[in-house]
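A.B. asks:
In the numbering used here, the protein residues as written are 113 to 708.
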């Protein structure tokens, strides 16, 4: 068996026989909340050979979904019970969050009412005759977010969490990255939930009149209460929505990380929607509970195993084996040594293998500066005088043929293979590109990246998209690694919340508040500290590390209308001189740490 080794921590497959031959779904029902709203649930239990519920009490895997639990029957990743787990002695409860599926109420994604429901659902679970009063929270995407938010409520019955691709910061991760509204995934996501959630399939079958009434109620709520109003407010520049504040704090689970005390296994993806925060979950939780992190090469839907997650690979077993091991240890109390799994396991792009480490950021990482020079090279020495600058047109449509389009459609374009899914080659054309000299040895980077770019603009607003890629001088093609986005008026930085590494700022933290907005004066130099999302990648010798700078990344974000109009048809000048030292700060790890 191939294993990854990090000191004494190794990956190994974990398998055990089924405890029960079958599963059974109990009659569907409703859980009444404190305000009278009823949430729909489905319970799946282990069963005997006759299909009857097995005798005994079982630990429960709780899944809370906005995608309509009926859909989970056909697409288990959207909230279905996994027979693999049920046959090994776990009850599974799937609940439609309020305002979705068969549940009553108004949907308000991760709002205060929804979060208050989570503990009441746990109370109901442990009151059931088949429950042994031990609960594990689990799920993918929205379901993973409800899982980690439930864990943060410290209900004594919740013993472990296994969130897959959970968001951390609702504003910075996706909805308003760099101060720009995501017009690709967010409308698609809200449309998906509206499309799935407004159709209570089970209720329509059992009580057509009630089903139609519930469907109309969900649809009207979407049009008037949350989905459509939220999208319109974001696009048109509504201050409560476009600036960070209480609305987004409530929907940023990392704000509650300090409350989580149960063992937590976090799964993320290098191309995931929540790429930014997934390693930060490990960092936040590692000192207060047993925490493990696995990051694959995945987009959002690939992490859910659609069409496949590529596991097992390099000793890392399938996710359901890892989930079983985790819950066997912390829900059933079996000594399977889950705590001895590697702390951090990351797929390394370019190396194309999984590697482990004891911590994140990597224990041996060092921040290294590379300066943008007038000859279009990245060099470790800054300019000593004024050097030729680069000009970039301000237009909102760049980035369509880039890895961003696949990432910010959750990986849906991966079903239609084309170079744009993984390459940034086409996006080089409208960009100012800077490259290291051809590498004489492999370069390994692991962690967050900062790009401090000095610019002027001819307009009253501007934005930067900064991409990191591996450039092959023999072919002229570039493989995407990561990217960042920032609106110029949001360039203010709070250094107290920023990350520094060996004295260099490597992850700037922008307030994105109304009071922090800075003016953009045409022709006046300004420093834009761009946060580039954390990654793990090896740039092989013979290639070059490249950064590409232009003014937009449409798949990831578009400025709200007022800012967009202020910047249209402007020209950005990227400066590199002794007074304006544009640079990128990379998290470099010794290549010798790659074991596989």
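We treat Cβ as the ideally placed atom computed from N, Cα and C, and that holds for glycine.
Can you say whether residue 130 is buried or exposed, counting buried as having 16 or more other CB atoms within 10 angstroms of its CB?
C.D. replies: Here residue 130 is taken as the residue at index 18 of the chain shown, counted from 1. Label assigned to residue 130: exposed.
A.B. asks: Would you tell me roughly how many angstroms separate the C-alpha atoms of residue 493 and residue 696, rounded to the nearest one?
C.D. replies: Locating residue 493 in the chain shown gives position 381, counting from the first residue. Locating residue 696 in the chain shown gives position 584, counting from the first residue. In a straight line, the C-alpha of residue 493 is about 12 Å away from that of residue 696.
A.B. asks: Following the continuous alpha helix (DSSP H) through residue 481, name the residue where it begins and the one where it ends.
C.D. replies: For the purposes of this step, residue 481 is taken as the residue at position 369 of the chain shown. Taken as a continuous stretch (DSSP letters only), residue 481 belongs to no alpha helix (DSSP H), being part of the beta strand (DSSP E) at 478-484.
A.B. asks: Evaluate the contact criterion for the region 276-288 versus the region 349-362: three or more CB pairs, one atom per stretch, below 8 Å.
C.D. replies: Yes: at least three Cβ pairs fall under 8 Å.
A.B. asks: What are the start and end residues of each continuous alpha helix (DSSP H) run of 4 or more residues lying completely inside the region 182-233, in chain order?
C.D. replies: Listed in chain order, they are 195-198.
A.B. asks: Does the Cβ of residue 586 have 16 or more other Cβ atoms within 10 Å, making it buried, or fewer, making it exposed?
C.D. replies: Residue numbering aside, residue 586 sits at position 474 when the chain shown is read from its first letter. Under this definition residue 586 is an exposed residue.
A.B. asks: Quick one: complete beta strand (DSSP E) runs, 3+ long, within the region 399-456?
C.D. replies: With a minimum length of 3 residues, the continuous beta strand (DSSP E) runs that stay inside the region 399-456 are 403-408.
A.B. asks: Bridge partners of residue 669, per DSSP?
C.D. replies: Position 557 of the chain shown, counting from 1, holds the residue named residue 669. DSSP lists 665 as partners of residue 669.
A.B. asks: Beta-carbon separation of residue 366 and residue 389 under 9 Å?
C.D. replies: Position 254 of the chain shown holds residue 366. Position 277 of the chain shown holds residue 389. A contact, by the Cβ cut-off of 9 Å.
A.B. asks: Since residue 263 is in the alpha helix (DSSP H), which residue starts that stretch and which ends it?
C.D. replies: Looking up residue 263 in the chain shown gives position 151. Where residue 263 is concerned, the enclosing alpha helix (DSSP H) stretches over 254-263.
A.B. asks: Which residue's Cα is closest to the Cα of residue 555: 576, 256, 593?
C.D. replies: Translated into the one-based positions of the chain shown, residue 555 becomes position 443. Residue 555 has its Cα closest to that of 593, out of 576, 256, 593.
A.B. asks: Who are the Cβ neighbours of residue 705 in its own chain at under 8 Å, not counting the five residues just before and after it?
C.D. replies: Within the chain shown, numbered from 1, the residue matching residue 705 stands at position 593. Result list for residue 705: 467, 469, 474, 476, 556, in chain order.
A.B. asks: Can you pull the DSSP bridge partners for residue 643?
C.D. replies: In the chain shown, residue 643 corresponds to position 531, counting from 1. The partner list for residue 643 (beta bridge, DSSP) reads 562.
A.B. asks: Taking 9 Å as the cut-off, decide whether the C-beta atoms of residue 639 and residue 692 are in contact.
C.D. replies: The sequence position of residue 639 within the chain shown is 527, counting from 1. The sequence position of residue 692 within the chain shown is 580, counting from 1. Yes. Within cutoff.
A.B. asks: Going by DSSP, which residues form a beta bridge with residue 650?
C.D. replies: Sequence index remark: in the chain shown, residue 650 carries index 538 (1-based). Looking at the DSSP assignment, residue 650 forms a beta bridge with 556.
A.B. asks: Looking at C-alpha atoms only, which residue of 672, 443, 687, 626 is the closest neighbour of residue 272?
C.D. replies: For the purposes of this step, residue 272 is taken as the residue at position 160 of the chain shown. Measuring from the Cα of residue 272, the nearest candidate turns out to be 443.
A.B. asks: Which whole-angstrom value is the C-beta distance of residue 531 and residue 699, which I expect to be below 8 Å?
C.D. replies: On the chain shown, residue 531 is found 419 positions in, with the first residue counted as 1. On the chain shown, residue 699 is found 587 positions in, with the first residue counted as 1. Incorrect: roughly 27 Å between the Cβ atoms, too far for contact.
A.B. asks: Counting pairs of beta carbons, one from the region 240-255 and one from the region 169-184, are three or more of them closer than 8 Å?
C.D. replies: Verdict: yes, contact present.
A.B. asks: I'd like to check one pair, residue 200 with residue 226: are the Cβ atoms closer than 9 Å?
C.D. replies: As a position in the chain shown, residue 226 is number 114, starting the count at 1. As a position in the chain shown, residue 200 is number 88, starting the count at 1. Against a cut-off of 9 Å, the Cβ pair of residue 200 and residue 226 comes out as no contact.
A.B. asks: Is residue 168 helix, strand or coil when you go by DSSP?
C.D. replies: Mapped onto the chain shown, residue 168 falls at position 56. Here residue 168 sits in coil by DSSP.
A.B. asks: Does the distance between the C-beta of residue 542 and the nearest non-hydrogen atom of the ligand NAP fall short of 8 Å?
C.D. replies: In the structure on display, the ligand NAP does not appear, and there are no ligands present to speak of.
A.B. asks: Give me the DSSP bridge partner(s) of residue 175.
C.D. replies: For this step, residue 175 is matched to residue 63 along the chain shown. For residue 175, which the question treats as bridged, DSSP gives the partners 206.
A.B. asks: Please report the Cβ distance between residue 159 and residue 134, rounded to the nearest whole angstrom; I am assuming they are in contact, meaning their Cβ atoms lie under 8 Å.
C.D. replies: On the chain shown, residue 159 is found 47 positions in, with the first residue counted as 1. On the chain shown, residue 134 is found 22 positions in, with the first residue counted as 1. Sure, about 4 Å apart at Cβ, within 8 Å.
A.B. asks: Could you tell me whether the region 507-514 touches the region 637-653, using the rule of 3 or more Cβ pairs below 8 Å?
C.D. replies: Cβ pair count under 8 Å is below three, so no.
A.B. asks: Can you give me the C-alpha to C-alpha distance between residue 435 and residue 484, rounded to a whole angstrom?
C.D. replies: For the purposes of this step, residue 435 is taken as residue 323 along the chain shown, with counting starting at 1. For the purposes of this step, residue 484 is taken as residue 372 along the chain shown, with counting starting at 1. Rounded to the nearest angstrom, the two C-alpha atoms are 45 Å apart.
A.B. asks: Is residue 702 helix, strand or coil when you go by DSSP?
C.D. replies: As a working mapping, residue 702 is identified with position 590 in the chain shown. In this structure, residue 702 counts as coil in the three-state DSSP scheme.
A.B. asks: CB residue 376 to CB residue 415, shorter than 9 Å?
C.D. replies: Taking the first residue of the chain shown as 1, we reach residue 376 at position 264. Taking the first residue of the chain shown as 1, we reach residue 415 at position 303. Result no, Cβ atoms of residue 376 and residue 415 do not sit closer than 9 Å.
A.B. asks: Which residues does DSSP list as the beta-bridge partners of residue 251?
C.D. replies: Residue numbering aside, residue 251 sits at position 139 when the chain shown is read from its first letter. For residue 251, which the question treats as bridged, DSSP gives the partners 275.
A.B. asks: Alpha carbon to alpha carbon, how far is residue 192 from residue 198?
C.D. replies: Position 80 of the chain shown, counting from 1, holds the residue named residue 192. Position 86 of the chain shown, counting from 1, holds the residue named residue 198. Taking the straight line from one Cα to the other gives about 11 Å.
A.B. asks: Would you list the one or two residues that DSSP bridges to residue 545?
C.D. replies: Taking the chain shown and counting its residues from 1, the one referred to as residue 545 is at position 433. Bridge partners of residue 545: 660.
A.B. asks: Among residues of its own chain, excluding the 5 on either side of residue 141, which ones have a beta-carbon nearer than 7 Å to its beta-carbon?
C.D. replies: As a position in the chain shown, residue 141 is number 29, starting the count at 1. Cβ neighbours of residue 141 beyond the five flanking positions: 153.
A.B. asks: By the 10 Å Cβ neighbour count, where 16 or more other Cβ atoms means buried, how is residue 498 classified, buried or exposed?
C.D. replies: On the chain shown, residue 498 is found 386 positions in, with the first residue counted as 1. Exposed.
A.B. asks: Can you tell me which of 408, 501, 491 puts its alpha carbon nearest to the alpha carbon of residue 465?
C.D. replies: Along the chain shown, one-based indexing puts residue 465 at 353. Comparing Cα-Cα distances from residue 465 to each of 408, 501, 491, the minimum goes to 408.
A.B. asks: Whole angstroms are fine: how far does the CA of residue 644 sit from the CA of residue 295?
C.D. replies: Position 183 of the chain shown, counted from the start, is the residue given in the question as residue 295. Position 532 of the chain shown, counted from the start, is the residue given in the question as residue 644. Taking the straight line from one Cα to the other gives about 19 Å.
A.B. asks: Comparing C-alpha positions only, which one of 213, 212, 412, 275 sits nearest to residue 526?
C.D. replies: For the purposes of this step, residue 526 is taken as the residue at position 414 of the chain shown. With distances taken between Cα atoms, residue 526 lies closest to 412.
A.B. asks: With 16 other CB atoms within 10 Å as the buried threshold, where does residue 590 fall?
C.D. replies: Here residue 590 refers to the residue found at position 478 of the chain shown. Looking at its Cβ environment, which holds 16 or more other Cβ atoms inside 10 Å, residue 590 is buried.
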